[in-house]
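> Line by line, the protein sequences give chains C and D.
Counting from -4, one number per residue, gives the positions in the first sequence under our numbering.
Counting from -4, one number per residue, gives the positions in the second sequence under our numbering.
Note that CB positions come from ideal geometry on N, CA and C, so glycine has one too.
There are 2 protein chains.
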Amino acid sequence: MEVISTIAALRARLKEEGSIAFVPTMGNLHEGHLNLMRQAREHGRCVVASIFVNPLQFGPNEDFNRYPRNFERDCKIAESAGCDYLFHPSVDEMYPNDYNTEIMIKGISNKFEGAFRPVHFNGVATIVAKLFNATKPNYAVFGQKDYQQTLVVKQLTKDLLFDLKIIIAPTLREFDGLAMSSRNIYLSDKERDDALVLFKALNTATEAILNGERKRVTINAIMHNDLRKIPYIKIDYASSADANTLEEQDTFSPNQKIVLLIAVYLGKTRLIDNSIVTIVG
Amino acid sequence: MEVISTIAALRARLKEEGSIAFVPTMGNLHEGHLNLMRQAREHGRCVVASIFVNPLQFGPNEDFNRYPRNFERDCKIAESAGCDYLFHPSVDEMYPNDYNTEIMIKGISNKFEGAFRPVHFNGVATIVAKLFNATKPNYAVFGQKDYQQTLVVKQLTKDLLFDLKIIIAPTLREFDGLAMSSRNIYLSDKERDDALVLFKALNTATEAILNGERKRVTINAIMHNDLRKIPYIKIDYASSADANTLEEQDTFSPNQKIVLLIAVYLGKTRLIDNSIVTIVG
C-alpha cells in the first residue's frame, strides 16, 4: 500500500490503473471501514481509500477538532484490508486559501441530519465531488450507517453525472448490536452500555411494522418510548420515512421501503443509527 | 459530425476518443463560437461542442423562452468548423424531474453580472460541471466575451478538481467593433448602431488608463460619460476591477491587470462587453 498526500501524486499514480474502487473515510478506521474496503476489493482491481477529516461538514460547535485521528494505526488497518493507495491530504491541499465553491443538494439535505446539522450535507457533497474528481473511480463505497448521506451521495452522483457506481455496504455492529462508529470511543462505560438503546428502539419499531403497524406517528412513538428509558438521553430525532425520498407520510403503503432513523446524544456524544424495513404485501 | 442527444450515447461515443476539447454553447452560433471551435481543434484530437440553452442560468424575468434557437443552421456551422460531435440534449435529459443539485461559487459570483442576475452563475457552474462530467474533456474553451463567467468556470474547475485545462478565446467583433453575441439579433437597426457605444466606452477608458489614469471612479466615470451619449440607454454597470479577483480598489497599481466591464440595456436587449488593460510600470 502506498500513502499519497497530494492530488497531483494521486492523479499520476492512478493514471495507469484500470478499474478503481474508492472508499472515502474520515479515518480512525474500524471493522465497518474494513468491510467497505473489502466490498471495494470485490468490485475494483485497484482499491483507493482516503482519510480526510473534512472541516466543511462540521458545524461551528461540532467535534471537528477533537474528532479521533490515528493515522499510523489507520495505515496498518487499511493495508491489511487490501487497500492499494491511501490518500491522506492536508486541509490546505483540499481547501487552499482562495477556495470558494460549495455544492447544495436540495430537498433530502434539509431533513433529519440536515435539520440538526445545517452545513453538514453541503460539506459532504462538496468533498465527495472533489474526491471523485481527484480519484476518478469506477466504484465508490459508502456505509449504510450514514443512511441519509448515502442518499445525498447518490443524488449528487446522478445529478452532476459522475460516471461511477455507488455501492452501499451494510452497517457493521458490535457483538451486542451497537453500530460501529469512530465516535463510539467518546463513550464512557455507562454510556456505552446505554447506547444499546438505539439498536433496541430500531428493533422494536421494525417488529411493530412487520406486525402490521403502518402509522408513522405510532412507529415513531415506539422508538421514542424505548429511547426514553435512558433518562439522560437527548433525542434529536427518532423517525420513519420513505427510504428513497425521506418523505414522511402519515401512513405507509404496501411494499413500501421504510427507513427508521435515530440521532441522539448520550452525554456529549452524538450517535446515529438506522434500519430499513420493507412492508410486505 | 455526429449529433448526440443523450448522455449515455455521448459517453459511449467518447469512451474510445483520446484527447477531447470541449466547447459548451447555447447555440445560435456565430463567428465567435466558430473561433472557440477552432481553438478547440488546435488543442484536442476530438472536438465536442454542446448546444444547450440552460434554464438554470436564466432568472424568472429573463429571456430563456425567446433566446434564439436555430439548431439546423447551428449543425451546419459546427460541422464547417470541424466539430466531431455535437451534443444537443433536451432539458429533461439534463434536469430530470427529481433533479436537486446546485453549485455555488462564492465571492466572484456575487458582483457585476451576479448582482444583476442573482441565479445566473449558480446555473452556469452547475451546467458546466455536468457537461464536464458527461464529456470528460482534456480542454474546455470559453469566450472572453463572458469575462466573469470565465473566472467562475476557472474557480469551479480548480475548486472541484476537474482534471482539464480551461482555454479562454478572445472576443470576436463585428467590422465596427460590436462584440459578437447571439443576443445581437434582438437589436433594431437604430439600437444596432447605438450599440457601438460599448466598444467606444471601453476604448476611451483603456486610453485613459494607458495615459496614466489610476483612479477607479475616474475610469468608471469616463465609461459612463460615453455610454450616456445614448439617451435611452440603461446602464446596469460600467466598472473597473482587478482582472483576476474582480476586487474594486480605489486606485490601481503598477503592473496590475484591470478588467473594464459593461452591461447595459438598449431597449429590451441586454448587452455586455469587457476589455482587459495591463498597467505598465
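Measuring only between beta-carbons, confirm whether C:Met99 sits less than 8 Å from chain D.
Chain D, which has a Cβ nearer than 8 Å to the Cβ of C:Met99, makes this yes.
> Run through DSSP, which three-state label would C:Ala190 get?
C:Ala190: coil per DSSP, three-state reduction.
> Between C:Arg61, C:Pro113, C:Lys140, which has its C-alpha nearest C:Asp197's C-alpha?
The identity of residue 197 of chain C in the sequence shown is Leu, whereas the question assumes Asp. Looking at the Cα atoms, C:Lys140 is the closest of the given residues.
> Along the chain, where does the alpha helix (DSSP H) containing C:Val254 start, and where does it finish?
From DSSP, C:Val254 is part of no alpha helix (DSSP H) but of the beta strand (DSSP E) over 252 to 261.
> Tell me the rounded alpha-carbon separation between D:Phe116 and D:Lys10.
Distance between the alpha carbons of D:Phe116 and D:Lys10 is about 30 Å.
> Strictly below 7 Å CB to CB, what residues from chain D border C:Phe157?
Those are Asn128, listed as they occur along chain D.
> In angstroms with no decimal places, state the Cα-to-Cα distance between C:Arg187 and C:Ala164.
Rounded to the nearest angstrom, the two C-alpha atoms are 24 Å apart.
> Grouping DSSP H, G and I as helix and E and B as strand, with all else coil, what is C:Asp79?
Of the three classes helix, strand and coil, the one that applies to C:Asp79 here is coil, per DSSP.
> Does any CB atom of chain C fall closer than 8 Å to the CB of D:Tyr94?
For D:Tyr94, the answer is yes, since a Cβ of chain C falls inside 8 Å of its Cβ.
> Is the beta carbon of C:Gly54 sitting closer than 8 Å to the one on C:Ser183?
No.
> What would DSSP say about C:Ser183, mapped onto helix, strand or coil?
It is coil, neither helix nor strand.
> Opposite C:Val272 in the DSSP bridges: which residues?
C:Val272 pairs with C:Ile253.
> Using 8 Å as the Cβ pair cut-off and three pairs as the minimum, do the segment 240 to 247 of chain D and the segment 209 to 229 of chain D touch?
With a cut-off of 8 Å, the segment 209 to 229 of chain D and the segment 240 to 247 of chain D count as touching, because enough Cβ pairs lie within range.
> Between the alpha carbons of D:Lys101 and C:Tyr94, how many angstroms are there, rounded?
Straight-line Cα distance between these residues: approximately 9 Å.
> By the 9 Å beta-carbon criterion, what residues does the segment 147 to 181 of chain D contribute toward chain C?
Flagged, chain order: Gln150, Leu151, Lys153, Asp154, Leu155, Leu156, Phe157, Asp158.
> Please look up how many angstroms separate the CB atoms of C:Leu241 and C:Lys106, rounded, as I've assumed it's under 8 Å.
Rounded, the Cβ-Cβ distance is 5 Å, consistent with contact.
> Enumerate in chain order the residues of its own chain whose CB-to-CB distance from D:Leu222 is below 8 Å, with the five nearest sequence positions on each side excluded.
Cβ neighbours of D:Leu222 beyond the five flanking positions: Val192, Leu193, Ala196, Ile228, Ile230, Ala233, Ile257, Val259.
> Less than 8 Å separating the beta-carbons of D:Leu31 and D:Val48?
No, the pair does not count as a contact, with Cβ atoms beyond the cut-off.
> Once you ignore the five residues that flank C:Glu12 on each side, which residues in its own chain have a CB closer than 6 Å to its CB?
If we look at C:Glu12 and ignore the five residues flanking it on each side, its Cβ neighbours are Cys41.
> Cβ of C:Leu159 within 8 Å of Cβ of C:Ala120?
Taking 8 Å as the Cβ cut-off, C:Leu159 and C:Ala120 do not qualify as a contacting pair.
> Which one of D:Leu205, D:Tyr80, D:Ala200 has the shortest CA to CA distance from D:Ala216?
For D:Ala216, the nearest C-alpha among the options comes from D:Ala200.
> For D:Ile15, would you say it is in contact with chain C, using Cβ-to-Cβ distances shorter than 8 Å as the test?
Chain C contact via Cβ: absent.
> In whole angstroms, what separates the C-alpha of D:Ala306 from that of D:Tyr80?
As displayed, chain D neither begins before -4 nor continues past 276, which places residue 306 of chain D out of reach and without an answer.
> Less than 8 Å between C-beta atoms, sequence neighbours within five positions excluded: which residues of the same chain meet that for D:Met(-4)?
Counting only Cβ-Cβ distances below 8 Å, and skipping sequence neighbours, we find Cys70, Ala73, Glu74, Cys78, Asp79, Tyr80, Leu81.
> Kindly indicate the opening and closing residues of the alpha helix (DSSP H) around C:Val18.
Not the alpha helix (DSSP H): C:Val18 falls in the beta strand (DSSP E), residues 15 to 20.
> Got a sec? Which residues, its chain only, sit under 8 Å from D:Ala203 by beta carbon, not counting five neighbours each side?
Excluding residues within five positions, the ones whose Cβ falls inside 8 Å are Thr213, Ile214, Ile217.
> Using a Cβ cut-off of 8 Å (strictly closer), state whether D:Gly102 contacts chain C.
Yes, contact with chain C.
> How would you label C:Leu205, buried or exposed, when you count the other beta carbons within 10 angstroms and need 16 or more for buried?
Result: exposed.
> With 16 as the cutoff for other CB atoms within 10 Å, does D:Ile180 come out buried or exposed?
It counts as exposed.
> Is the Cβ-Cβ distance between D:Arg22 and D:Met175 less than 8 Å?
Note on identity: in this sequence residue 22 of chain D is Gly, with Arg being the wrong assignment. It is not a contact, given that the beta carbons lie outside the stated cut-off.
> For D:Thr264, collect the residues of the same chain with a Cβ closer than 7 Å to its Cβ; drop the 5 residues on either side in sequence, then sort them by chain order.
The answer, listed in chain order, is Arg178, Tyr181, Leu182, Glu186.
> Can you list the residues of chain C that D:Ile2 reaches, using a CB-CB cut of under 8 Å?
Ordered by position in chain C, the residues that pass the 8 Å Cβ test against D:Ile2 are Leu156.
> Should C:Glu108 be labelled buried (16 or more other beta-carbon atoms within 10 Å of its own) or exposed?
The residue is buried, with at least 16 neighbouring Cβ atoms inside 10 Å.
> Enumerate in chain order the residues of its own chain whose CB-to-CB distance from D:Pro113 is below 8 Å, with the five nearest sequence positions on each side excluded.
If we look at D:Pro113 and ignore the five residues flanking it on each side, its Cβ neighbours are Gly54.
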